[in-house]
Amino acid sequence: MNQVLLIGAGGVGSVVAHKCAMVPEVFGAITLASRTQSKCEAIAAEVKHRTGREIATAQVDADDPVQTAALIRRTGAKLVINVALPYQDLAIMDACLEAGCDYLDTANYEPKEVARFEYSWQWAYQDRFAKAGRCALLGSGFDPGVTNVFTAWALKHHFDEIHTLDIIDVNGGKHDKAFATNFNPEINLREVTAPCRHFEGGGLVETAPLSLHQAFTCPDGVGTFEIYRMYHEELESLVKHLPTIRRAQFWMSFSPNYLKHLEVLQNVGMTRIDPVVFHGLEIVPLQFLKAVLPDPGELGKSTTGKTCIGNVITGSKDGQAKAVYLYNICDHEACFAEVGSQAISYTTGVPAMLGAKQMLAGEWRQPGVWNMEQLNPDAFMADLQRHGLPWTCVELTPQQAASFQVA
Ligand code: NDP
-18 MNQVLLIGAG GVGSVVAHKC AMVPEVFGAI TLASRTQSKC EAIAAEVKHR TGREIATAQV
42 DADDPVQTAA LIRRTGAKLV INVALPYQDL AIMDACLEAG CDYLDTANYE PKEVARFEYS
102 WQWAYQDRFA KAGRCALLGS GFDPGVTNVF TAWALKHHFD EIHTLDIIDV NGGKHDKAFA
162 TNFNPEINLR EVTAPCRHFE GGGLVETAPL SLHQAFTCPD GVGTFEIYRM YHEELESLVK
222 HLPTIRRAQF WMSFSPNYLK HLEVLQNVGM TRIDPVVFHG LEIVPLQFLK AVLPDPGELG
282 KSTTGKTCIG NVITGSKDGQ AKAVYLYNIC DHEACFAEVG SQAISYTTGV PAMLGAKQML
342 AGEWRQPGVW NMEQLNPDAF MADLQRHGLP WTCVELTPQQ AASFQVA
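Under my numbering, the first residue of the sequence shown carries the number -18, and numbering increases by one thereafter.
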């Protein structure tokens, strides 16, 4: 029986716990651990209510590899699914090596003091995982995650070479809060306010945050949204592993209301990540802001509308130019009905469960540290269709493809 340890009891952790519990033939025994055990217990009660399965809970400070390794040994976990915060990635990887366990996460490591998004720290574990015969799967969410697998699958089935990649993440959802982020506010705001980088001309090109935007009409009546170019971590691994890519960009939709609040918060210094002294105490403004913003895990009950996340890919096949658009549409209310969460947590949590399923089945269990595009995409793509994230692939005409390609 496979024992798995989930770390992190936030919006994403709740979805992973539910979805793992729904696949008992793979996830034989589940322990959900986090800094605040009462949050794990609340999720365990919901999982029991919805699926009838018992999951164990535990308290852990995952910044401490000794504590985490002890918990891994105590539970007998074969795999840790890390859906805590990116700050914990390296400490949990250390704990996995120490206790002899595989590792999966959904976001690359970031040091707390600087919003720097790169894989170098985690790629540096390659030899240690390979020598220990352990496997680490990086970025098994939607983006990164499914978007990486979409790219690998497109290369395998539609192209001889990929030349351009535009990843487009639209959240067309609405909720009843004046301002909220759809995943952890601290991580979300660090990402959105960072300088934009896209890949072109053989390297990353830096531009001002959110300075380039365009309208994008989603398929199937989801709507038309303004999408903004920004940096996202999968660009780094995809251009490394698919070296024929000449240009790669990432776009995300933001409503005028979100941008208005973001501008004010930035102008008044609330998105700063350096400490300030307040009443004799050092506080980080962004961490304080997180404490007063809505918990994304609580947005599910009031969120309506859909997400539409996918890749526009151009390249060549048999000497001819070709373009495809691969996407998933996910309905916030349907996610809430199924697992009590909004679609952003859902679209992250389902691929985390499916990546873990692939590892436990041995399909993706090679010693070393892997990004999703390096692995065979077929079984994962089939599982997306079965486990709540159905996707569609349409061929685009050269004119349609060109309309996505804003430089
Ligand atoms: P939340 O803030 O809702 O949850 C994070 C959880 O981690 C909380 O339960 C928190 O505990 C726990 N945690 C934080 N620090 C520690 C620690 N030192 N030890 C143990 N537990 C800790 O975040 P989300 O669920 O929204 O996001 C989870 C992850 O998913 C993030 O890394 C995020 O970047 C990633 N993500 C990835 C996406 C993708 O598509 N790839 C998309 C969206 C998110 P406490 O409650 O006590 O603070």
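We put the beta carbon where it would ideally sit given N, CA and C, even for glycine.
As assigned by DSSP and simplified to three states, the class of Phe8: It is coil, neither helix nor strand.
In the structure shown, what three-state DSSP assignment does Phe98 receive? The DSSP-derived three-state label of Phe98 is coil.
Please identify the residue among Val293, Arg346 and Gly369 whose C-alpha is closest to the C-alpha of Gly330. Gly369
Look up Gln195 in the DSSP assignment and give the residues it is bridged to. Ile208
Compute the distance between the beta-carbons of Ser326 and Asn63, then report whether it is under 9 Å. no
Flag this pair as yes or no: are the beta carbons of Phe110 and Tyr84 separated by less than 9 Å? yes
Using the DSSP secondary-structure output, state which residues sit across from Arg228 in a beta bridge. Thr145 and Glu181
Tell me the rounded alpha-carbon separation between Lys155 and Lys241. 16 Å
Whole-angstrom distance between Ala65 and Ala117, CA atom to CA atom: 16 Å
State the DSSP-derived secondary structure class of Trp345, mapped to helix, strand or coil. coil
How do the region 306 to 315 and the region 18 to 27 stand: do at least 3 beta-carbon pairs fall below 8 Å, yes or no? no
Tell me Gln188's beta-bridge partners as DSSP assigns them. The identity of residue 188 in the sequence shown is Thr, whereas the question assumes Gln. Thr188 pairs with Cys177.
For Pro266, tell me which candidate among Ala272, Pro277, Met251 and Pro275 has the shortest Cα-Cα distance. Met251
Out of Ala88, Gly204, Phe235 and Val28, which has the shortest C-alpha to C-alpha gap to Leu13? Val28
Nearest-angstrom Cα separation, counted from Thr32 out to Ser19: For Ser19 and Thr32, the distance between alpha carbons rounds to 20 Å.
Please say whether Lys287 and Ala324 have beta carbons closer to each other than 9 Å? For Ala324 and Lys287, yes; Cβs fall inside 9 Å.
Can you tell me whether Ala229 is buried or exposed? The criterion is at least 16 other CB atoms within 10 Å of its CB, across all chains shown. buried
Gly122 - partner residues in DSSP beta bridges: Gly126
May I ask which residues mark the beginning and end of the alpha helix (DSSP H) holding Leu243? Pro237 to Asn248
Residues sharing a beta bridge with Lys287, DSSP: Bridge partners of Lys287: Asp312.
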